[in-house]
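Report on the structure given below.
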Amino acid sequence: MTSVSLPTRFERPNAVAFLGYALGLTLVFWCLGGAGFSIEKMVSAPPRFADFVDRAFPPNTDPKTLARLGWKMVETLQIAVAGAVIGVILSVPIALIAARGLVAGLWVNQITRNILGFVRAVPDIAWALVFVVAVGLGPFAGMLAIAVDTIGFCGRFFADDMEATDKGPAESLTATGARKLDVVACATIPAAMPAFVSTSLYALEKAVRSSTILGLVGAGGIGIELKVGFDLFDYPTAMSVILMIAVVVIAIEQLSGWTRTKIIGEQR
Amino acid sequence: MFPPVSAVDIEVQDITKSFGSTAVFKDVSFRLARGEAVALVGANGTGKSTLLRCVMGLLPVTGGQVILLGKNATAAKSKALRDLRARIGLVSQKHNLVPRLSVLSNVCHGLLGRSPSIRHWGHPVAPKTSREAAMHALEKVGLADFATRRADRLSGGQSQRVAIARAIVGKPEILIADEPCASLDPSAGEDIMDLFFELARGEGVTVVFTSHNIEHALRYGDRVLGLAGGSMRLDATAASLSASDLRGLYD
Numbered sequence: 019m020t021s022v023s024l025p026t027r028f029e030r031p032n033a034v035a036f037l038g039y040a041l042g043l044t045l046v047f048w049c050l051g052g053a054g055f056s057i058e059k060m061v062s063a064p065p066r067f068a069d070f071v072d073r074a075f076p077p078n079t080d081p082k083t084l085a086r087l088g089w090k091m092v093e094t095l096q097i098a099v100a101g102a103v104i105g106v107i108l109s110v111p112i113a114l115i116a117a118r119g120l121v122a123g124l125w126v127n128q129i130t131r132n133i134l135g136f137v138r139a140v141p142d143i144a145w146a147l148v149f150v151v152a153v154g155l156g157p158f159a160g161m162l163a164i165a166v167d168t169i170g171f172c173g174r175f176f177a178d179d180m181e182a183t184d185k186g187p188a189e190s191l192t193a194t195g196a197r198k199l200d201v202v203a204c205a206t207i208p209a210a211m212p213a214f215v216s217t218s219l220y221a222l223e224k225a226v227r228s229s230t231i232l233g234l235v236g237a238g239g240i241g242i243e244l245k246v247g248f249d250l251f252d253y254p255t256a257m258s259v260i261l262m263i264a265v266v267v268i269a270i271e272q273l274s275g276w277t278r279t280k281i282i283g284e285q286r
Numbered sequence: 007m008f009p010p011v012s013a014v015d016i017e018v019q020d021i022t023k024s025f026g027s028t029a030v031f032k033d034v035s036f037r038l039a040r041g042e043a044v045a046l047v048g049a050n051g052t053g054k055s056t057l058l059r060c061v062m063g064l065l066p067v068t069g070g071q072v073i074l075l076g077k078n079a080t081a082a083k084s085k086a087l088r089d090l091r092a093r094i095g096l097v098s099q100k101h102n103l104v105p106r107l108s109v110l111s112n113v114c115h116g117l118l119g120r121s122p123s124i125r126h127w128g129h130p131v132a133p134k135t136s137r138e139a140a141m142h143a144l145e146k147v148g149l150a151d152f153a154t155r156r157a158d159r160l161s162g163g164q165s166q167r168v169a170i171a172r173a174i175v176g177k178p179e180i181l182i183a184d185e186p187c188a189s190l191d192p193s194a195g196e197d198i199m200d201l202f203f204e205l206a207r208g209e210g211v212t213v214v215f216t217s218h219n220i221e222h223a224l225r226y227g228d229r230v231l232g233l234a235g236g237s238m239r240l241d242a243t244a245a246s247l248s249a250s251d252l253r254g255l256y257d
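Here it is in structure tokens:
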């Protein structure tokens with residue numbers, strides 16, 4: 019018993035580790051500096067925020083305004099749903115090309131995946147700006163932005179989902195002499211379907227969140243009301259918009275979660 | 007000295023298979039006459055499944071060649087290889103049905119090789135003759151009543167029967183079975199073997215099957231091939247062998 023020595027609670031870091039910690043800490047402070055972190059502003063913020071809340075409450079409940087905002091919200095959802103559906107549909111063929119070992123060669127897979135990576139790297143609001151230039155102001159530009167954003171997301175994850183499916187059925191169908199495309203359509207896609215549904219529902223949730231701010235750059239939806247509210251210091255209306263967005267986004271997430279369990283059930 | 011070419015369905019000539027620098031088997035040769043049933047036995051990891059995959063061209067061989075139904079499968083390009091595979095049925099240990107699709111759709115998939123078409127993607131779009139052929143195949147395995155059931159809602163034995171129906175629906179000339187009853191309990195396994203060989207013998211189909219069950223190998227095979235240590239150690243008629251001869255392969 020006496021020969022057993024307790025290990026120390028903490029080990030002294032070696033020189034390299036110590037240097038690493040120091041570097042990490044320096045990096046964080048450098049970033050805080052770059053981000054304009056200011057104690058003074060932190061202290062003065064709560065009263066100003068309270069002032070904003072004071073001016074924004076109660077939210078605007080004028081029936082006419084609410085009706086207008088409501089219709090804008092409907093337009094927002096239309097943009098989100100239309101964009102997400104088009105994006106999901108177009109993602110399937112793109113994912114087929116991006117998935118390794120399915121129909122296309124390794125080079126094609128890699129190039130497609132890189133393109134999808136680029137599409138994802140560009141923020142949705144930037145896509146909206148591009149499409150506003152291309153097709154003019156309005157919801158159509160927003161819908162295109164959502165569709166492209168969805169392709170970047172679903173194209174990649176659909177491809178991953180298909181790569182992760184059980185290869186057994188695909189091999190058995192290959193053994194019947196079926197063509198590659200037939201094998202993919204009959205074995206790989208049905209096996210990946212639950213994952214597709216789940217990914218698509220996430221894409222829809224993401225689309226709804228994105229679509230609420232596209233209006234900031236004139237790409238349709240309720241975002242424009244938020245911008246106008248703040249620009250005109252009409253904080254009660256802006257607050258109504260924020261609450262409305264929160265309610266709708268949360269509702270869509272709940273609905274999507276419920277649909278997911280309904281369709282996929284326990285066997286994911 | 008050899009039987010005429012047309013009567014040999016599978017001729018494997020000195021095939022070698024390696025993954026990287028690891029050789030699975032080397033210079034394996036055998037030939038199967040039409041209508042013959044051959045059991046391929048050997049311990050785990052001796053490459054029985056790999057050998058069957060090489061025979062069907064699902065895996066490329068490292069050396070040697072495979073002649074299927076009088077055609078060189080090793081040299082065959084994709085279309086020719088698909089045409090050859092369409093004349094062969096495969097039943098595997100894991101059944102490999104497509105879950106979430108109906109039993110009938112799964113059986114219709116067996117026709118994808120014979121007539122590649124979007125109409126064999128599932129029974130709702132399949133031509134009437136194909137659906138009839140699929141129902142007929144299901145009837146042979148005793149599962150006609152399960153046609154519209156989802157494939158992942160079947161018991162292991164039922165599921166393997168459907169896999170057999172899928173393998174025979176295209177009227178293959180060769181049937182390959184990779185441990186067809188390994189995932190089933192002994193009684194269901196016997197049923198599957200009886201059914202499989204009843205169908206195969208009835209149609210005069212050439213059969214290759216692997217099994218860990220020595221008794222099955224001797225009972226259902228006309229001939230037994232034994233794989234051990236990367237080469238073919240045994241090639242004899244089942245009648246001339248006893249169970250103890252086969253046990254030696256597992257040492």
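Protein sequences, first through last, are from chains A and B.
Just so you know, the numbering used here puts the end of the first sequence at 286, numbered straight through with nothing missing.
Just so you know, the numbering used here puts the end of the second sequence at 257, numbered straight through with nothing missing.
We put the beta carbon where it would ideally sit given N, CA and C, even for glycine.
For clarity, every value in this text was computed on a predicted model and none was experimentally measured.
Exposure label - residue i; buried when at least 16 CB within 10 Å
| i | result |
| --- | --- |
| Gln-166(B) | buried |
| Phe-136(A) | exposed |
| Ser-109(A) | buried |
| Asp-20(B) | exposed |
| Lys-134(B) | exposed |
| Glu-185(B) | buried |
| Lys-280(A) | exposed |
| Met-60(A) | exposed |
| Phe-67(A) | exposed |
| Phe-203(B) | buried |
| Asp-249(A) | exposed |
| Asn-32(A) | exposed |
| Met-7(B) | Low local confidence applies: a pLDDT of 46 at Met-7(B) is under 50, so the model's placement there is unreliable, and no value is given. |
| Leu-273(A) | exposed |
| Cys-49(A) | exposed |
| Ile-16(B) | buried |
| Ala-179(A) | At residue 179(A) the sequence reads Asp, which differs from the Ala that was named. Its Cβ being crowded by 16 or more others within 10 Å, Asp-179(A) is buried. |
| Arg-286(A) | Low confidence applies here, because Arg-286(A) scores a pLDDT of 45, under 50, leaving its location unreliable; read the following figure in that light. Exposed, since its Cβ has fewer than 16 Cβ neighbours within 10 Å. |
| Trp-128(A) | In the sequence under discussion, the amino acid at residue 128(A) is Gln, which differs from the Trp named in the question. Exposed. |
| Arg-30(A) | exposed |
| Val-46(A) | exposed |
| Leu-37(A) | exposed |
| Gly-171(A) | Per the sequence shown, the amino acid found at residue 171(A) is Phe instead of Gly. Phe-171(A) should be labelled buried. |
Under 7 Å by beta carbon: chain A residues contacting residue i
| i | result |
| --- | --- |
| Ser-189(B) | Correct list: empty, because the minimum Cβ distance to chain A is about 12 Å. |
| His-129(B) | Correct list: empty, because the minimum Cβ distance to chain A is about 12 Å. |
| Pro-122(B) | Ala-196, Arg-197 and Asp-200 |
| His-222(B) | Neighbours of His-222(B) on chain A: none; closest Cβ ~22 Å, over 7 Å. |
Whole-angstrom C-beta distance between residue j and residue i, which should lie under 8 Å
| i | j | result |
| --- | --- | --- |
| Ile-242(A) | Thr-230(A) | With a Cβ gap of about 11 Å, Ile-242(A) and Thr-230(A) do not count as contacting. |
| Ile-170(B) | Leu-201(B) | 7 Å |
| Arg-156(B) | Ser-108(B) | 6 Å |
| Tyr-253(A) | Phe-70(A) | 6 Å |
| His-115(B) | His-126(B) | 7 Å |
| Gly-238(A) | Gly-160(A) | 4 Å |
Delimiting residues of the alpha helix (DSSP H) encompassing residue i
| i | result |
| --- | --- |
| Ser-136(B) | 134-146 |
| Glu-42(B) | Here Glu-42(B) belongs to no alpha helix (DSSP H), and DSSP marks it neither H nor E. |
| Leu-261(A) | 253-282 |
| Val-106(A) | 81-116 |
| Trp-145(A) | 142-153 |
| Phe-214(A) | 207-229 |
| Ser-250(B) | 249-253 |
Within chain B, the residues that residue i reaches when beta carbons sit closer than 8 Å
| i | result |
| --- | --- |
| Gly-101(A) | What Gly-101(A) touches in chain B: nothing, since even the nearest Cβ is about 28 Å away. |
For residue i: DSSP bridge partner residues
| i | result |
| --- | --- |
| Gly-232(B) | Val-47(B) and Leu-240(B) |
| Arg-156(B) | Ser-108(B) |
| Val-213(B) | Ala-43(B) and Leu-181(B) |
| Phe-36(B) | Val-18(B) |
| Asn-78(B) | Ile-73(B) |
| Ala-29(B) | Ser-24(B) |
N- and C-terminal bounds of the beta strand (DSSP E) containing residue i
| i | result |
| --- | --- |
| Glu-17(B) | 14-25 |
| Ile-94(B) | 94-98 |
| Asp-151(B) | That residue, Asp-151(B), is in no beta strand (DSSP E); it is neither H nor E in DSSP. |
| Gly-69(B) | 69-74 |
Interface flag, residue i vs chain E, CB-CB below 8 Å
| i | result |
| --- | --- |
| Arg-197(A) | The chain labelled as chain E is not found among the protein chains of the depicted structure, namely A and B. |
Interface partners of residue i on chain A, CB under 9 Å
| i | result |
| --- | --- |
| Ser-98(B) | Gly-186, Glu-189, Ser-190 and Ala-193 |
| Ala-92(B) | Thr-194, Gly-195 and Ala-196 |
| Asn-50(B) | Near Asn-50(B) there are no residues of chain A at all, since even the closest Cβ is about 18 Å away, more than 9 Å. |
| Leu-118(B) | Leu-191, Thr-194, Gly-195, Ala-196, Arg-197, Asp-200, Val-201 and Cys-204 |
| Gly-176(B) | Thr-194 and Gly-195 |
Listed by chain order, chain A residues near residue i by CB distance under 8 Å
| i | result |
| --- | --- |
| Leu-64(B) | Glu-189, Thr-192 and Ala-193 |
| Arg-88(B) | Gly-195, Ala-196 and Arg-197 |
Amino acids of chain B, ordered along the chain, whose beta-carbon sits closer than 9 Å to that of residue i
| i | result |
| --- | --- |
| Ala-209(A) | Val-104, Pro-105 and Arg-106 |
Closer than 7 Å: residue i CB and nearest the ligand GDP heavy atom
| i | result |
| --- | --- |
| Ala-194(B) | Absent from the structure shown: the ligand GDP. Ligands present: none. |
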